[in-house]
Amino acid sequence: RCTQVRALVEPDLSVPVAALNALRRQVLEELTRQRGAAPAAPQVGPFHPGVRYENRKEPPVLTQSLRSAGQLTQELCGLKPALLCLPAEELAAHPEAAETALAAGVRVGVTLPRICWDREREELDRQLETARSLGITDALVGTLDLIAPARNHGFALRGDFGLPVFNSQSIKELKRMGFVSATASFELKLAQIRDLSKLIDLELLVYGRLPLMITENCILKNRDGGCKRSCEGKDRLLVDRKGERFPVLRAPGCRSEIFNAKRLYLADKAADYRRVGAWAARLSFTTESAQECLHIARQYLGQERPAPDDITRGLYYRDVE
16 RCTQVRALVE PDLSVPVAAL NALRRQVLEE LTRQRGAAPA APQVGPFHPG
66 VRYENRKEPP VLTQSLRSAG QLTQELCGLK PALLCLPAEE LAAHPEAAET
116 ALAAGVRVGV TLPRICWDRE REELDRQLET ARSLGITDAL VGTLDLIAPA
166 RNHGFALRGD FGLPVFNSQS IKELKRMGFV SATASFELKL AQIRDLSKLI
216 DLELLVYGRL PLMITENCIL KNRDGGCKRS CEGKDRLLVD RKGERFPVLR
266 APGCRSEIFN AKRLYLADKA ADYRRVGAWA ARLSFTTESA QECLHIARQY
316 LGQERPAPDD ITRGLYYRDV E
């Protein structure tokens, strides 16, 4: 990223456009030559796996990520999640939601967007300033480029699924970058998550619609004749040839995010995910109403009977195909 350009040109000097174009071509050709040069031969040595960190013995705490402030209720806060995360734009638009949770003694985190171009940074900075002013100290970061904004605003860094943890070395790298927790890839089996050396707190997703795709342009805007109208609709679905209905939700920056038709559900498999040594098990709420969020959370706490219906177990019990 170019942060500063300075030109020193004495008065009454001029350069033909052809000369400027030639300079540009020369720079590009030189950059291309440097990028195409073969790197120096790497030094090869034995692999040292490093220290092995043992798994936690206690069961994981429950955390929650919400998609809208409307999903947050006093009853949900009363279940005392270890961490409750809301999107940055939701916190900025509905600070009362964070105040409700914080007043109930719940730790609140801010979820950063999955895509944020430079032109959108100023608005994100404003949202993060609002979050910090509310007393929020944790940021769920899913992309490398948003580590700096989160750190600059004084947030504790927590890795989201966008920084996927596939092996112990990736956990070490996140630790080196200053992260206090990370999220295991939902493409790993539970047995593979169990075998990771957990240098920092590790979280895994145990409930929710897993994200399938995020688009740069809103796929509903042209159909509905405007951004506002498309986002206000309730029936935003893609239906495949088998009749499966995939929710299409608004993402920051007038983008669309497509989610799995089936919910990941492991409330009736608690004994399995509690054995992997994770710090936390996250409930990721997307299309659920406030009451549905409450019932699901109670099921994972053992306060209500599990109700697995039209669900998926994800890839936790099988390899990536």
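Per the working numbering, residue 16 is the first one in the sequence shown, and the count goes up by one each step.
From the three backbone atoms N, C-alpha and C, an ideal C-beta is built for every residue, glycine too.
How close, in whole Å, do the beta carbons of residue i and residue j come, if the pair is a contact with beta carbons under 8 Å?
i    : j    : result
I186 : A197 : 6 Å
P61  : T78  : Not quite, the Cβ-Cβ distance comes to about 39 Å (not below 8 Å), so this is no contact.
A339 : E303 : Nothing about residue 339 can be read from this structure; the chain reaches only from 16 to 336.
G193 : F300 : Between F300 and G193 the Cβ distance is about 28 Å, and since that is not below 8 Å, they are no contact.
D287 : L205 : 6 Å
C308 : R270 : Not quite, the Cβ-Cβ distance comes to about 24 Å (not below 8 Å), so this is no contact.
A103 : V125 : 5 Å
G150 : L101 : At roughly 13 Å, the Cβ-Cβ gap does not stay under 8 Å, so G150 and L101 are not in contact.
Y371 : L298 : Here the chain comprises residues numbered 16 to 336, so residue 371 is not present and cannot be evaluated.
P74  : R289 : 4 Å
Helix, strand or coil for residue i? Go by DSSP, reduced to three states.
i    : result
S196 : strand
A34  : helix
L202 : The sequence as given places Glu at residue 202; Leu does not occur at that position. E202: coil per DSSP, three-state reduction.
D2   : No answer is possible for residue 2: the residues shown for the chain start at 16 and end at 336.
A282 : helix
A322 : coil
P262 : strand
I186 : helix
P226 : strand
D216 : strand
R290 : coil
V221 : strand
V24  : coil
V316 : For clarity, residue 316 is Leu in the given sequence; the question names Val instead. Coil, per DSSP.
R12  : The structure shown does not extend to residue 12, since the chain is modelled only from 16 to 336, so the question has no answer here.
A163 : helix
I234 : coil
R297 : strand
E272 : strand
T47  : helix
T327 : strand
If distances are taken between C-alpha atoms only, which option among the options comes closest to residue i?
i    : options                   : result
R134 : A199, P267 and L94        : P267
E105 : G120, L117, V121 and G85  : G85
R16  : D160, Q306, E231 and F194 : D160
F176 : R136, P226, S183 and R191 : P226
V66  : R147, E137, E44 and S183  : S183
L330 : A33, S200 and Q314        : S200
Q89  : R39, A113 and L35         : A113
L191 : G174, L46, E202 and V121  : One point to set straight first is that residue 191 is Arg, not Leu, in the sequence displayed. For R191, the nearest C-alpha among the options comes from G174.
V121 : P128, D153, Q49 and L139  : D153
L99  : R278, R265, A296 and I130 : A296
S80  : R333, I311 and D325       : I311
P262 : W294, L281, M228 and Y280 : M228
I208 : R278, W294 and P57        : W294
P323 : V291, A282, W132 and E202 : A282
A305 : R82, R48 and R136         : R82
V180 : A163, A108 and G157       : G157
F274 : T327, R39 and P110        : T327
L87  : R313, L28 and E111        : E111
P264 : G124, P26, L117 and K236  : According to the sequence as given, residue 264 is Leu; it is not Pro. Of the listed residues, the one whose Cα sits closest to L264 is K236.
G292 : D216, L279, R320 and V24  : D216
L6   : A163, E44, S148 and Q49   : With the chain running from 16 to 336 in the structure shown, residue 6 is simply not present.
L203 : R39, Y332, R21 and V24    : Y332
Got a sec: is the Cβ-Cβ distance from residue i to anything in chain B below 8 Å?
i    : result
P267 : Included in the structure is just one protein chain, with no chain B present.
Any chance the segment 128-144 sits against the segment 161-168, with 3 or more Cβ pairs inside 8 Å? yes
Ignoring anything shorter than 4 residues, give me the alpha helix (DSSP H) runs that lie fully in the segment 50-136, in order along the chain. 89-92, 103-108 and 110-118
So, do the segment 83-96 and the segment 61-74 have three or more beta carbon pairs nearer to each other than 8 Å? no
Does the segment 250-263 come within contact of the segment 205-222, defined as at least 3 CB pairs closer than 8 Å? no
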